[in-house]
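In what follows, a structure is listed as structure tokens, so that the remarks can point back to it.
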Amino acid sequence: MNNKSFTLIELLVVIVIIGILVGVIMISTSSSIDKANIAKLKVFEGSVLNNLTATMVSRWSLDKIEGVTTPDLWGNNTGILGDGLTSTTYPTLLDEKNCISGKCMNFDGGDYIKIVNDASLRLTNFTISLWMKLSNTSPATAVVGKNTQIIHYDDVFEAQCTGGNGIQVPGQEECDENMVINKWYFLTYTKNSSGNYKFYRNSKLTMEGNYSSTGMDNDYDFFIGVYYSGGLGGFFRGVIDEVRVYDGALSLSYAKKEYLTGLKLLLLKGAISKKEYDLRLNELANIDF
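Adding 1115 to a residue's 1-based position in the sequence shown gives its number in the numbering used here.
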């Protein structure tokens, strides 16, 4: 009987082939797991929103353009796309991998979204939340506002931001703290009928106080990416996603759940590293519901 054994080269070839097959299987499995986890997170996010259905006034997911408009998923207040510089270009859609949930919109420093004044947006108790990422620093950059800025970004050259780049809200003389470009932030601003306001950045309370004027209870249009005070100004430069308005001052619990859900989605999409994800979780370690 003629017994033929494998040579060392043949064994190495077999091992390499097995290694390649294992790698392909692992990549395929990992991709499937990530997709399943993303689906689960979206279901969880949906359950959180369902609990807030009674208080939500508008939700602009900013993942769709219909002509020169973007829909309010609650069906109340359609957003009208505009460009304050040339009147020929508007906010553009980015791919899902670069956004929080679905697609999102990029603003080039002249783009904006106008929501025509409606009774549903004249609120004395309200919450506004959104995700944003700056593409560069720019003084007096509006994020969202009605008549004047409700949430806006100032750079170090602005007198209000003596501590560095950051977010400012009505009633505050200084910004919350330093911010950086190309980094996602989850912003939540609440205000009640007594004028008491709170501002959360990444679900951490950074500013609070009392300011009787500049709210939602007026007849002005609502803007995303610019403010209006006798004229357009302070155009936003960067990406905005998931702008929501609620009737009522929501709790920290809401901000934390939405922030953590968005973080996990960014991690699974590869939009942030595991190191950044862990660092952000550590920042929340001492924040209670």
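Backbone N, C-alpha and C define an ideal beta-carbon position, used for all residues, glycine too.
Between the region 1364-1373 and the region 1313-1332, the count of C-beta pairs closer than 8 Å reaches three or more; the two stretches touch.
Under DSSP, L1383 forms no beta bridge with any residue. The beta carbons of Y1326 and P1285 sit about 5 Å from each other, so the pair counts as a contact at 8 Å.
Judged by DSSP in its simplified three-state form, N1191 adopts coil rather than helix or strand.
Counting the other CB atoms within 10 Å of its CB gives D1210 a total below 16, which places it among the exposed residues. For E1292, the secondary structure class from DSSP, reduced to helix, strand or coil, is coil.
At the C-beta level, N1240 and A1364 come within 8 Å of one another. With a contact defined as Cβ atoms closer than 8 Å, Y1227 and F1350 qualify at about 7 Å. The Cβ atoms of L1382 and K1389 sit closer than 8 Å to each other. Boundaries of the alpha helix (DSSP H) around R1395: 1389-1398. T1122 carries a coil assignment under DSSP once its states are collapsed to helix, strand and coil.
The continuous beta strand (DSSP E) containing S1173 extends over residues 1171-1175. No Cβ-Cβ contact shorter than 8 Å links R1352 with T1242.
Look at L1378 here: in three-state DSSP terms it is helix.
I1132 sits in a helix when the DSSP states are folded into three classes. Taking C-beta atoms as the reference points, D1332 and L1238 count as a pair closer than 8 Å.
It is roughly 10 Å from the alpha-carbon of D1233 to the alpha-carbon of T1193. If you compare the alpha carbons of Y1304, G1224, I1133, V1360 with that of G1197, the shortest gap goes to G1224.
Burial state of E1398 is exposed, judged by a 10 Å Cβ sphere holding fewer than 16 other Cβ atoms. In this structure, Q1283 and G1324 do not form a Cβ contact; the two beta carbons are roughly 12 Å apart against a cut-off of 8 Å. In terms of CA proximity to N1297, S1250 leads the group Y1268, S1250, Y1335, G1281. The beta-bridge partner set that DSSP reports for N1325 consists of N1311.
Listed in chain order, the non-local C-beta contacts of L1347 below 6 Å within the same chain comprise G1199, V1341, local neighbours out to five positions each way being set aside.
Excluding its 5 nearest sequence neighbours in each direction, G1330 has C-beta neighbours in its own chain below 6 Å: K1306, listed in chain order. Per DSSP, reduced to three states, the secondary structure at A1364 is coil, with no helix or strand assignment.
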